[in-house]
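Under our numbering, the first residue of the sequence shown is numbered 3, with each subsequent residue one higher. Here a beta-carbon is modelled for each residue, glycine too, at the ideal position from N, C-alpha and C. The structure under discussion appears below in the form of structure tokens.
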Amino acid sequence: MRKYRVLGLVAALLVLLALVVSSTRIAEQEGEEQAAMADGEPVVGGVQDAPAGTDNDLHVNDLARFAVEEHNKNSNALLQFEKVAKVKQQVVAGTMYYFTIEVKDGEVKKLYEAKVWEKPWMNFKELQEFKPAEEGSSA
Numbered sequence: 003m004r005k006y007r008v009l010g011l012v013a014a015l016l017v018l019l020a021l022v023v024s025s026t027r028i029a030e031q032e033g034e035e036q037a038a039m040a041d042g043e044p045v046v047g048g049v050q051d052a053p054a055g056t057d058n059d060l061h062v063n064d065l066a067r068f069a070v071e072e073h074n075k076n077s078n079a080l081l082q083f084e085k086v087a088k089v090k091q092q093v094v095a096g097t098m099y100y101f102t103i104e105v106k107d108g109e110v111k112k113l114y115e116a117k118v119w120e121k122p123w124m125n126f127k128e129l130q131e132f133k134p135a136e137e138g139s140s141a
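Next up, the structure:
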């Protein structure tokens, strides 16, 4: 009988030890994430500013043109792509791009915000959102 009490006590202590270790690891990970955010390092799954010069990248510009073309097709609009003003990205199942795009509406230049989801290994891209940029905001 005493043997089972000792085994039960040992099992309870092991469970308690496992809980303490796992909670310590979670606290360490949260601390590392907060330190990474404070240092400006990327956080997995977070929306990040694209590296400098990305707004001139051919692939990024193709995706922004795609966003304008899809919007034109879906809304029967005639916006003309001018340039990418700003781009952010987020790693999801693929990459979500957040664009601020300068377009021409007739002779008037306007800013729009677009969100494009891309999974290149599946040859997939989809316009998620396209709307006029609000004054003073960015993608």
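Exposure of residue i, with buried meaning 16 or more beta-carbon neighbours within 10 Å
i	result
lysine 121	exposed
glutamate 115	buried
alanine 40	Note that alanine 40 has pLDDT 49, beneath the 50 cutoff, so the model's placement of it is unreliable and no number is given.
alanine 66	buried
valine 105	buried
C-beta atoms of residue i and residue j nearer than 7 Å
i	j	result
lysine 111	valine 49	no
alanine 135	threonine 102	yes
Boundaries (first-last residue) of the alpha helix (DSSP H) holding residue i
i	result
glutamate 104	Counting along the chain, glutamate 104 falls outside any alpha helix (DSSP H), though it belongs to the beta strand (DSSP E) covering 96-107.
Any non-hydrogen atom of the ligand COA within 6 Å of residue i CB
i	result
lysine 106	Ligands displayed in this structure: none; no statement on the ligand COA is therefore possible.
Residues near residue i by beta carbon distance below 7 Å, same chain, minus five either side
i	result
asparagine 63	Val86
alanine 69	Phe101, Ile103, Ala116, Val118, Leu129, Phe132
asparagine 74	Leu80, Leu81
Bounding residues of the beta strand (DSSP E) (the contiguous stretch that carries residue i)
i	result
leucine 60	Per DSSP, leucine 60 belongs to no beta strand (DSSP E); it is in the alpha helix (DSSP H), 60-77.
glutamate 128	126-134
tryptophan 119	110-121
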